[in-house]
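The block underneath contains the structure these notes are about, expressed in structure tokens.
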Amino acid sequence: MSVDGETVDPGWEVDPDDEWGVAVIATVGRQLKLRREAVGMRAGEFGEAVGYGEDLVYKVEGGKRIPRLDYLDRADEVLGAGGLISAMKEDVRKVRYPKKVRELAKLEGQAVEIGVYECNSVHGLLQTTDHARALFEAAQPPYSRDDVERMVTARLARQSVFQRDPAPSLHFVLEEAVVRRPVGGTMVWQQQLERLLEVGRLRNVTLQVMPTDRDAHPGLDGKIELLKFPDGTAVGRSDGAFNGRPITDPKQLRILELRYGTIRAQALSSWESLAFIEQLLGET
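Here my numbering is used: the first residue of the sequence shown is 10, the next is one more, and so on.
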């Protein structure tokens, strides 16, 4: 596809370690090829009709690329599939997110309570689009433009947790340095602070800031995450415990819960934290 003279890839590479994703994209590609051949179109003709190059059509049909959703809509129309190709968008929409992100989003979507302590950056569930993009663009070695947009889209999709009914109980503790860092520049930073205030005022959300002048606390080793589920089970992870691996053992979970509870007790209260963010916003 060409946009302002620049060639744009119709999708992303398939992660070979993502078995389900590989199977889905192989099936989608096979169906596209069968329908194209059934109407007697060559790959080049089809590519021209949908606005993509012939080589990229072959990659999609060969299961080597994850097609964009608009590619499937155009293919459905050009091939007269009557909505059958467009119907594959839901599975493709899931596959385009990296496997780890899908697994995390699934857990967050099932949890009745989520607790997070974050010391390096604003947590993904709280990030604005531009803030997330600025973080990914700062990575070294740099990601491609398509990879950045793919990861931004995946991160924002996780925020559907805020629209769940019944709403889960969400608790966030952010280090003061995190909310002070002007990621993306002043305008992006202001928008991020406004987003924190918006989310922090939700009835099911508690947002706290850990002041830099606080003494040592159990979170200095790194991020802590705790997710609890309707059946009473839970999963947790901490950069500074159990080699950073996800844990489900009740004894280990109690350790993380103790650390997280101590962190929350040492941080500013929710109303003090919102007032602190409002003050920062007024200084920008």
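Just so you know, even glycine gets a beta-carbon here, dropped at the ideal spot from N, CA and C.
Taking the beta carbon of residue i as the centre, do at least 16 other beta carbons fall within 10 Å, making it buried, or is it exposed?
i	result
serine 169	exposed
aspartate 64	exposed
threonine 257	exposed
proline 227	buried
arginine 154	exposed
proline 25	exposed
glutamate 185	buried
arginine 273	buried
valine 188	buried
lysine 260	exposed
glutamate 99	exposed
leucine 296	Lying before the first or after the last residue shown, residue 296 is absent from the chain, which here runs from 10 to 293.
lysine 115	exposed
glycine 253	exposed
glutamate 117	buried
leucine 229	exposed
arginine 223	exposed
leucine 113	buried
Between the options, which has its C-alpha nearest residue i's C-alpha?
i	options	result
glycine 56	Ala32, Ala35, Asp85 and Tyr152	Asp85
aspartate 240	Gly209, Gln119, Val101 and Tyr80	Gln119
glutamate 28	Gly72, Gly133, Lys68 and Ala52	Gly72
aspartate 79	Phe251, Arg102 and Ala176	Arg102
serine 282	Thr271, Leu206, Tyr126 and Ala58	Leu206
arginine 210	Asp24, Ser279, Glu22 and Met97	Ser279
arginine 39	Gly62, Ala58, Val66 and Glu22	Val66
isoleucine 233	Phe171, Leu265, Leu116 and Pro259	Leu265
glutamine 288	Asn252, Val161, Lys115 and Leu202	Leu202
glycine 49	Gln172, Leu88, Val37 and Glu22	Leu88
glutamine 275	Val157, Tyr126 and Leu81	Tyr126
alanine 176	Ile123, Thr242 and Val59	Ile123
methionine 97	Glu117, Asn213, Gly245 and Leu41	Leu41
valine 208	Phe171, Arg223 and Tyr269	Phe171
asparagine 213	Glu22, Arg173, Gly245 and Pro191	Arg173
arginine 190	Tyr269, Val59 and Cys128	Cys128
For residue i, which residues in the same chain have their Cβ closer than 7 Å to its Cβ, ignoring the five residues on either side in sequence?
i	result
valine 104	Gly30, Val33, Ile34 and Ile75
threonine 293	Thr195, Trp198 and Gln199
phenylalanine 238	Gln119, Ala120 and Val121
aspartate 139	Gly193, Val197 and Gln200
lysine 68	Arg74
Please return the same chain residues whose Cβ sits closer than 8 Å to the Cβ of residue i, not counting the five positions on each side in sequence.
i	result
alanine 90	Arg44 and Ala84
leucine 277	Gln217, Val218, Met219, Pro220 and Phe285
glutamate 70	Gly38, Arg39, Leu41, Lys42, Arg45 and Ala52
valine 157	Arg142, Phe145 and Glu146
tyrosine 152	Phe145, Glu146 and Met160
glutamate 22	Lys73, Arg74 and Ile75
Output the boundary residues of the alpha helix (DSSP H) element that contains residue i.
i	result
valine 1	Since the first residue shown for the chain is 10 and the last is 293, residue 1 is missing from the structure and cannot be characterised.
arginine 190	Unbroken run through arginine 190: none, as it is neither H nor E.
tyrosine 269	259-275
isoleucine 123	No alpha helix (DSSP H) holds isoleucine 123; the beta strand (DSSP E) holding it covers 122-127.
threonine 195	195-209
glutamine 288	279-292
aspartate 230	Careful: aspartate 230 lies outside any alpha helix (DSSP H) and carries neither H nor E.
valine 69	63-70
isoleucine 34	28-47
isoleucine 103	It is worth fixing the name first, because residue 103 is lysine in this sequence and not isoleucine. That run of the alpha helix (DSSP H) goes 98-104.
What does a CB cutoff of less than 6 Å around residue i pick up in its chain, not counting 5 residues either side in sequence?
i	result
glycine 231	Asp248 and Gly249
leucine 267	none
threonine 215	His180 and Ser279
alanine 141	Val161 and Arg164
alanine 243	Lys237 and Leu262
arginine 204	Thr137
arginine 246	Glu234 and Pro255
threonine 36	none
In the DSSP assignment, the beta strand (DSSP E) including residue i goes from what residue to what residue?
i	result
methionine 219	214-219
serine 247	243-247
tyrosine 80	Taken as a continuous stretch (DSSP letters only), tyrosine 80 belongs to no beta strand (DSSP E), being part of the alpha helix (DSSP H) at 78-87.
isoleucine 233	233-237
Subject >> Contact between the stretch 172-187 and the stretch 142-149 (3+ Cβ pairs under 8 Å) >> reply: Between the stretch 172-187 and the stretch 142-149 there are fewer than three C-beta pairs closer than 8 Å, too few to call the two in contact.
Would the stretch 134-145 and the stretch 157-172 be scored as touching if the rule is three or more Cβ pairs under 8 Å? The stretch 134-145, when compared against the stretch 157-172, does touch it at the 8 Å Cβ threshold.
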